[in-house]
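Numbering (my numbering), first residue to last: 68 to 386.
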Ligand code: TXA
Ligand code: MG
């Protein structure tokens, strides 16, 4: 790991690392971000591994301009109005993903939506442009630690996990971006941040409501954990699947089976498995099988988050 002052040469090197699937920490106007190519599922999985989160949270995708955002997600007129006013800047807007947007499914933790923001920091802008990719980036701290506002905070927390830390001194806001979503004609505040509810109200006649106040707030971050679940029943830790079940396999030793099979990672690699988890569940769900049998997946490293998500998928649900 190297902490390097951000300049044209180090930004170009960081962009090359991003394109190679590695992690780079970079400054934004809010806090330092832990960045990866948002179109590369394994790179995104490495973010979760580095942060040591016991579960998958959807991440923010950072773009260079509104037209790049428009390629990834459907920007409604109200969202467009907010973007015009607050981008570049500390506002994140949750939007519906476009089909074939190229983003990894893990970046959205399997949801149909994606959180997008256009940062104002010149180093963040230059890095996105040089990488030529949208950047997935949560705050660059280990899970449970405070968000980093200086490069040395990142080094202390994640120094051994990143290819490089671009240093541009202290961040301006020191508080994460405001996260909103659009619910019909209302702006729903999912996470308070640098841009206040009053700031949002001042530019539109749309109502601004806090997620807890919204009549139905299915997308508030606290509830996301239970959001995506397959329609099929899910059975865990299965070594002998029943014929006709769909099998979500893991590792080199797969039992003989008649029925749809997807192996999350034939080589038993948890990063690869995490990157494929959500699309594999969707594909098996769409196969028409009533039940998805899941082979045992080790609990170490990213296995904890994978098992957390599978346990939720297997939990009894209300109709
Ligand atoms: O200022 C920031 O926003 C920093 C810098 C690096 O840009 N990033 C950041 O990312 O704070 P993170 O991953 O720590 O926080 C992302 C927030 C979480 O509250 C998450 O639940 C919410 O955004 N979020 C992301 N995708 C979402 C989605 N599809 N639906 C609802 N909430 C989402
Ligand atoms: Mg954070």
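The C-beta atom is built at its ideal place from N, Cα and C for all residues, glycine as well. Computed from a predicted structure; not experimentally measured.
Handout entry: residue 147 (DSSP reduced to helix, strand or coil)
Key = helix
Exercise for the section: Excluding the 5 residues preceding and the 5 following residue 210 in the sequence, name in chain order all residues of the same chain whose CB lies nearer than 6 Å to its CB. Expected result: 118, 119 and 120
Practice task
Work out the CA separation of residue 89 and residue 230 for me, nearest whole Å.
Solution key: 6 Å
Problem - Coarse secondary structure for residue 234, derived from DSSP in three states - result: strand
Handout entry: Straight-line gap, residue 214 to residue 143 (C-alpha atoms, nearest Å)
Key = 31 Å
Handout entry: Beta-carbon proximity of residue 369 to residue 225, cut-off 8 Å
Key = no
Practice task
Could you spell out where the alpha helix (DSSP H) holding residue 345 opens and where it closes?
Solution key: 337-353
Problem - Length of the line joining the Cα atoms of residue 156 and residue 133 - result: 12 Å
Handout entry: Beta-carbon proximity check, residue 232 vs residue 116, cutoff 8 Å
Key = no
Handout entry: Given 8 Å, three or more beta-carbon pairs between the stretch 254-266 and the stretch 99-114
Key = no
Exercise for the section: Would you list the residues sitting across from residue 219 in a DSSP beta bridge? Expected result: Per DSSP, none; premise fails for residue 219.
Problem - Neighbourhood of the ligand MG [Cβ distance below 6 Å to any heavy atom], ordered by chain position - result: Proximity annotation: the ligand MG has residues 205, 206 and 214 in chain order, each selected because its CB is closer than 6 Å to a heavy atom of the ligand.
Exercise for the section: Would you mind working out which of 80, 300 and 345 sits nearest residue 381, comparing C-alpha positions? Expected result: 300
Exercise for the section: Give a single yes or no on whether residue 143 has its beta carbon closer than 7 Å to a heavy atom of the ligand TXA. Expected result: no
Problem - residue 260, DSSP secondary structure in three states - result: coil
Exercise for the section: Using the Cα positions of residue 77 and residue 71, report the straight-line distance between them to the nearest angstrom. Expected result: Between the alpha carbons of residue 77 and residue 71 lies a gap of roughly 7 Å.
Problem - Whole beta strand (DSSP E) elements within the stretch 95-176, 3-residue minimum - result: 99-104, 127-129 and 158-164
Exercise for the section: Would you grab the beta carbon distance between residue 129 and residue 176 for me? Rounded to a whole angstrom, and I think it's under 8 Å. Expected result: Not really, about 17 Å apart at Cβ, beyond 8 Å.
Handout entry: Cβ-based neighbour list, residue 145, same chain, cut-off 8 Å, excluding 5 preceding and 5 following
Key = 249, 252, 254, 271 and 273
Exercise for the section: Excluding the 5 residues preceding and the 5 following residue 162 in the sequence, name in chain order all residues of the same chain whose CB lies nearer than 7 Å to its CB. Expected result: These residues qualify, in order along the chain: 140, 141, 142, 146, 180, 181 and 183.
Practice task
Reducing DSSP to helix, strand and coil, say where residue 372 ends up.
Solution key: helix
Practice task
Please state whether DSSP places residue 78 in a helix, a strand or coil.
Solution key: helix
Exercise for the section: Report yes if the C-beta distance between residue 158 and residue 97 is below 8 Å; otherwise report no. Expected result: For residue 158 and residue 97, no; Cβs fall outside 8 Å.
Exercise for the section: Examine the ligand TXA and report whether any of its heavy atoms sits within less than 7 Å of the Cβ of residue 163. Expected result: No, the beta carbon of residue 163 sits no closer than 7 Å to any heavy atom of the ligand TXA.
Exercise for the section: Ignore the nearest five residues each way along the sequence and tell me which others in residue 131's own chain have a CB closer than 8 Å to its CB. Expected result: 185, 192, 195 and 196
Practice task
Since I believe residue 347 is in contact with residue 329 (beta carbons under 8 Å), could you give me their beta-carbon distance rounded to a whole number of angstroms?
Solution key: 4 Å
Exercise for the section: May I ask whether a heavy atom of the ligand TXA can be found less than 7 Å away from the beta carbon of residue 117? Expected result: Residue 117 Cβ: outside cutoff for every heavy atom of the ligand TXA.
Handout entry: Pick from 165, 343 and 356 that is closest to residue 376, judged by C-alpha positions
Key = From the listed residues 165, 343 and 356, the smallest Cα separation to residue 376 is found for 343.
Exercise for the section: Taking 8 Å as the cut-off, decide whether the C-beta atoms of residue 340 and residue 317 are in contact. Expected result: yes
Problem - Nearest-angstrom Cβ-Cβ length linking residue 356 and residue 335, presumed shorter than 8 Å - result: In fact, because the Cβ distance is near 24 Å, the residues do not count as touching under 8 Å.
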